[in-house]
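A.B. asks: As you go down the protein sequences, you meet chains A and B in turn. For the first sequence, the UniProt record's numbering gives the first residue as 1, with consecutive numbering after it. For the second sequence, the UniProt record's numbering gives the first residue as 1, with consecutive numbering after it.
There are 2 protein chains.
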Amino acid sequence: MSEASFRDVILDELSRASRKMRALFDARVKERGLTLSRARTLLVLSKIPDLTQRELAEELDIETPTLVRLLDGMEKHGFIERLSVEGDRRAKRIALTPYGEQVAGEIASLAKELRRDLLTGVSEKDMAAAVRVLRTITASALTSCRESV
Amino acid sequence: MSEASFRDVILDELSRASRKMRALFDARVKERGLTLSRARTLLVLSKIPDLTQRELAEELDIETPTLVRLLDGMEKHGFIERLSVEGDRRAKRIALTPYGEQVAGEIASLAKELRRDLLTGVSEKDMAAAVRVLRTITASALTSCRESV
DNA sequence: TATTAATTACTAGCAAGCTAATTATGTTCA
DNA sequence: TGAACATAATTAGCTTGCTAGTAATTAATA
Chain A
1 MSEASFRDVI
11 LDELSRASRK
21 MRALFDARVK
31 ERGLTLSRAR
41 TLLVLSKIPD
51 LTQRELAEEL
61 DIETPTLVRL
71 LDGMEKHGFI
81 ERLSVEGDRR
91 AKRIALTPYG
101 EQVAGEIASL
111 AKELRRDLLT
121 GVSEKDMAAA
131 VRVLRTITAS
141 ALTSCRESV
Chain B
1 MSEASFRDVI
11 LDELSRASRK
21 MRALFDARVK
31 ERGLTLSRAR
41 TLLVLSKIPD
51 LTQRELAEEL
61 DIETPTLVRL
71 LDGMEKHGFI
81 ERLSVEGDRR
91 AKRIALTPYG
101 EQVAGEIASL
111 AKELRRDLLT
121 GVSEKDMAAA
131 VRVLRTITAS
141 ALTSCRESV
């Protein structure tokens, strides 16, 4: 029947799924001052302490200016602190506050719940294929971007 | 080796791929005043003329306030016009300008190029699986969202 | 050592996306 | 008819994301 090929729709489906996922998670956690990005950040920070902003941005795969504003919000909400780095007065290391630590603890189960809600019925095989495709897209985007420089 | 399960990383990979795709396309077309969202909008408008904003938002699967600002920008760049709807003074129908029409024509090949660059090496089978997964995520997000209301 | 390079975080400015609330207009129905 | 309800576009306010450019500091090198 008259369905467009997967190739034709996949990029659209990609951004759609990404938006819907974010909207759902954000709606669930907004009362605590959380968002998907803040949750991701808290998770990373609880696993790898004492990252500088540069390192944290790399870990999250976002640009440093994006992180600056993300951290501004998180600092305002009392999740994190910016601390100085001895030996480099330019850098700041990001530390969880006790409150941030506590919230980070709760996020693990929220993330689990999100995965359960969004991925039930998805076979392990499809999941593997999807991850392959997503990684290809990411890698190719990077390559194409560099070529045009 | 010690890689996290696909289930654990897929949502992260999803938002990453989406961001990289957008960044690449935006970088490619920014000189013409285009963006990925504007391009998508132009494509829809060239296929289905005379949509109202409400209908267009539905077609694009975005909220109407998001569309308002999207159209503001596109109007400013001369891609589209807001025209009145006879019989309903609340509504506006969106029309391509001649220039918008011309740009819409160019977008088809830009989209093709994007798909080529991002999806080479991806098997049709993986593509199908990925689309299945993405649609499941989108549908489940909608369901979960409605449940919590 | 002094100058040049690179690096770190930041600001500014833009666009996209969301929700909530508003205004104007249409529709329904008592 | 009038009152209540529904709908279309908008505004306001928030977050995320990007690029480009800046100030301060550090590293490298002539």
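Just so you know, even glycine gets a beta-carbon here, dropped at the ideal spot from N, CA and C. Just so it is clear, the structure is predicted and the values come from calculations on it, not from any experiment.
Mind listing which residues of the stretch 53-81 of chain B have their C-beta closer than 7 Å to chain A's C-betas, in chain order?
C.D. replies: Taking 7 Å as the Cβ-Cβ cut-off against chain A, the residues of the stretch 53-81 of chain B that qualify are Asp61.
A.B. asks: A/Ala39 CB to nearest chain B CB: under 8 Å?
C.D. replies: No, because no Cβ of chain B sits closer than 8 Å to the Cβ of A/Ala39.
A.B. asks: On the criterion of 16 or more Cβ atoms from any shown chain inside 10 Å, does A/Lys20 qualify as buried, or is it exposed?
C.D. replies: buried
A.B. asks: Which residue wins for smallest C-alpha separation from B/Ile80, given the options B/Leu119, B/Val122, B/Leu45?
C.D. replies: B/Leu45
A.B. asks: Any C-beta of chain B sitting closer than 8 Å to the C-beta of A/Val9?
C.D. replies: For A/Val9, a Cβ of chain B is located within less than 8 Å of the residue's own Cβ.
A.B. asks: Please state whether the Cβ-Cβ distance between B/Arg82 and B/Leu67 is less than 8 Å.
C.D. replies: no
A.B. asks: Please list the partners that B/Gly121 has in chain A, where partner means a Cβ-to-Cβ separation under 9 Å.
C.D. replies: Thr136, Ser140
A.B. asks: What are the boundary residues of the beta strand (DSSP E) that A/Val85 is part of?
C.D. replies: Looking at the DSSP string, the run of the beta strand (DSSP E) that includes A/Val85 is 80-85.
A.B. asks: Just to confirm, is the Cβ distance from A/Ala130 to B/Ala128 under 8 Å?
C.D. replies: no
A.B. asks: What is the rounded straight-line gap between the Cα of B/Gln53 and the Cα of B/Glu113?
C.D. replies: Rounded to whole angstroms, B/Gln53 to B/Glu113 spans 29 Å at the Cα level.
A.B. asks: At which residue ranges does the UniProt domain "HTH marR-type" (7-139) of chain A contain complete beta strand (DSSP E) runs of 3 or more residues, listed in the order of the chain?
C.D. replies: 80-85, 88-96
A.B. asks: Quick one: using the 10 Å Cβ neighbour count with 16 as the cut-off for buried, is B/Ile107 buried or exposed?
C.D. replies: buried
A.B. asks: Does A/Lys30 have its Cβ less than 8 Å from a Cβ in chain B?
C.D. replies: no
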